[in-house]
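In full-length UniProt numbering, the protein residues as written are 1 to 556.
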């Protein structure tokens with residue numbers, strides 16, 4: 001069996017100019033980044049404003065296993081399948097982060113015959129967007145410390161600086177550090193730390209901005225910390241929003257690439273879904289909706305994380321609504337939720353599968369709660385048995401859920417035609433009644449409680465003393481009307497990663513809140529979730545290499 005990278009390297013790519021021509025783009029609408037990548041103009045969306053919007057399909061999933069469940073693969077395969085049945089489709093995805101690529105996942109550009117290409121570039125440096133975000137973030141961090149060193153005219157309390165440095169790598173050693181050591185000429189000593197770039201507020205801002213001016217305005221509203229009198233200090237107080245926006249002037253432009261089957265794909269932005277809001281940029285999704293009759297996009301991890309944030313945060317910021325949802329499930333993940341250890345997932349176990357269906361049922365209820373039509377995609381793996389697949393199909397039919405066996409890893413778009421046809425029929429039926437979990441007028445605590453109860457199935461929330469004080473303080477500052485962005489483990493509906501399936505009788509522990517006023521939401525940290533991950537004992541990077549002639553091997 002060929003690996004993902006072997007399949008990708010054997011694929012025949014069209015020059016990116018041909019992909020642009022197929023989308024009816026003029027030369028002023030795009031600029032090449034090599035032969036197979038391009039940047040789209042950040043003015044393109046305005047130019048296309050009079051065109052009708054295509055139908056937006058959101059791909060989400062059940063709670064995943066550590067290896068992921070192929071949600072991006074299904075997204076790519078579905079886009080290819082829609083094109084095969086004559087529907088002009090554009091795919092919109094996030095950019096991978098080097099941390100997970102080098103850590104566990106090994107890559108995030110789809111898989112098999114449903115990949116976005118060139119997968120090596122996309123998984124590594126791509127067009128430099130994540131580097132630009134890292135540079136802008138750390139430029140701000142440097143300016144904060146320089147301001148304090150140069151006399152601290154704003155009276156910033158070094159003990160209350162919220163804004164952290166970032167790097168696009170899992171590095172647990174940088175979670176908590178001390179900066180400014182070495183005497184008066186080297187700055188003012190203080191505690192600091194690093195987040196991973198994809199958890200940066202600047203990443204979230206880039207993905208939630210509608211244009212360059214919106215980007216600058218949002219950056220100006222970043223809360224960097226507090227004065228000794230506990231008054232918030234914003235980037236605009238430092239007067240550096242112009243310089244930071246300058247560093248992002250190219251990064252805000254969406255990236256155009258293609259799939260193995262030459263379906264257009266826009267890949268832009270990559271906020272983590274277990275920490276940030278987990279969706280590609282508004283510019284990417286809305287541009288794709290103008291260029292295609294259908295848009296297939298995804299939101300990270302399960303419906304409890306990425307989909308909730310897509311629907312409660314991104315659609316508000318972008319002022320749009322999705323038309324349908326795909327819920328990806330796999331036999332192996334459902335068996336894990338039914339109690340099978342990770343090492344035994346390849347063995348047939350219909351009883352465990354039956355127990356694990358409760359996890360799928362909860363995610364279905366969540367999407368039903370948003371008032372959106374959906375189709376369940378069983379993402380096929382070679383180890384799935386006929387009995388296991390038939391059980392899921394029978395369960396879905398018994399509950400009158402639309403379901404499609406999807407084999408896009410092995411067959412590309414051909415393996416997703418059943419899913420594509422059922423989605424088109426579902427969308428044409430127009431049984432959508434979109435609603436959200438909470439209203440913006442709700443208090444922050446009410447919003448948290450509604451998500452915990454409605455989306456996670458929790459009985460209650462437990463607020464730390466710090467979180468209680470922050471809730472009161474944030475409301476006093478006028479931030480109570482913002483959405484909340486829950487930071488939670490992706491592996492469980494609860495905040496405990498070991499509670500699989502559909503846990504009951506649990507509470508969500510809220511340890512602290514962080515203001516992301518520029519992005520336009522409040523981050524709520526639950527359980528032990530980390531904003532700077534660590535590498536596993538055997539990182540995926542150990543299998544990666546480059547040959548003498550520059551060929552990359554080991555990405556998957």
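Backbone N, C-alpha and C define an ideal beta-carbon position, used for all residues, glycine too.
Cutting at 6 Å between CB atoms, please list the residues of its own chain near residue i, excluding the five before and the five after it.
i           : result
residue 502 : 358, 359 and 362
residue 337 : 356, 359, 500 and 501
residue 275 : 199, 487 and 531
residue 89  : 79, 82, 83, 292 and 294
residue 236 : 220
residue 160 : 225 and 226
residue 414 : none
residue 268 : 254, 255, 280, 281 and 284
residue 55  : 294, 323 and 427
residue 8   : 115, 117 and 119
In or out: residue i buried (at least 16 other Cβ within 10 Å) or exposed?
i           : result
residue 75  : buried
residue 126 : buried
residue 102 : buried
residue 51  : exposed
residue 4   : buried
residue 390 : exposed
Sorted by chain position, which residues of the same chain lie with C-beta nearer than 8 Å to residue i's C-beta, five sequence neighbours on each side aside?
i           : result
residue 480 : 443, 444 and 474
residue 215 : 205, 206, 209, 245, 248 and 252
residue 66  : 104, 342 and 491
residue 265 : 76, 79, 90, 91, 92, 93, 116, 256, 257, 258 and 259
Nearest CA to the CA of residue i: which residue from the options?
i           : options               : result
residue 505 : 515, 512 and 493      : 493
residue 58  : 230, 280 and 140      : 280
residue 407 : 426, 427, 383 and 397 : 383
residue 77  : 297, 317, 389 and 521 : 297
residue 452 : 366, 535 and 537      : 366
residue 70  : 222, 306, 148 and 381 : 381
residue 528 : 3, 374, 387 and 495   : 495
residue 217 : 227, 46, 202 and 536  : 202
residue 177 : 108, 250 and 166      : 166
residue 491 : 234, 518, 64 and 164  : 64
residue 61  : 523, 329, 96 and 321  : 329
residue 38  : 3, 14, 55 and 498     : 14
residue 94  : 254, 243, 45 and 195  : 254
residue 370 : 311, 319 and 327      : 311
residue 6   : 92, 119, 378 and 18   : 119
residue 515 : 162, 433 and 378      : 162
residue 168 : 449, 271 and 540      : 271
residue 151 : 404, 185 and 171      : 185
residue 29  : 46, 36 and 35         : 46
residue 222 : 180, 518 and 525      : 518
residue 326 : 314, 299 and 548      : 299
residue 468 : 448, 483, 288 and 333 : 448
residue 193 : 155, 229, 137 and 233 : 137
residue 195 : 507, 552, 173 and 340 : 173
residue 1   : 498, 409 and 450      : 409
residue 524 : 512, 533, 535 and 534 : 512
residue 44  : 144, 290 and 393      : 290
residue 533 : 399, 197, 53 and 556  : 197
In the DSSP assignment, what are the bridge partners of residue i?
i           : result
residue 39  : 31 and 255
residue 60  : 327
residue 203 : Answer is none; residue 203 lacks a bridge partner.
residue 557 : As displayed, the chain neither begins before 1 nor continues past 556, which places residue 557 out of reach and without an answer.
residue 197 : DSSP lists no partner for residue 197.
residue 264 : 258
residue 1   : Paired residue(s): none; residue 1 is not in a bridge.
residue 405 : 378
residue 111 : 114
residue 545 : 553
residue 225 : 161 and 233
residue 178 : 191
residue 462 : 509
residue 92  : 266 and 297
residue 279 : 299
residue 156 : 227
residue 487 : 525
Closer than 7 Å by C-beta to residue i: which residues in its own chain qualify, once you throw out the five before and the five after it? Chain order, please.
i           : result
residue 11  : 117 and 260
residue 388 : 331, 348, 350 and 353
residue 335 : 345, 349, 352, 353 and 356
residue 543 : 554
residue 158 : 148, 188 and 190
residue 317 : 208, 282 and 520
residue 135 : 247
residue 85  : 417, 420 and 421
Requested in this report: Decide if the region 107 to 122 is in contact with the region 256 to 271; the criterion is three or more beta carbon pairs, one per stretch, under 8 Å apart.
Outcome: Short answer: they touch.
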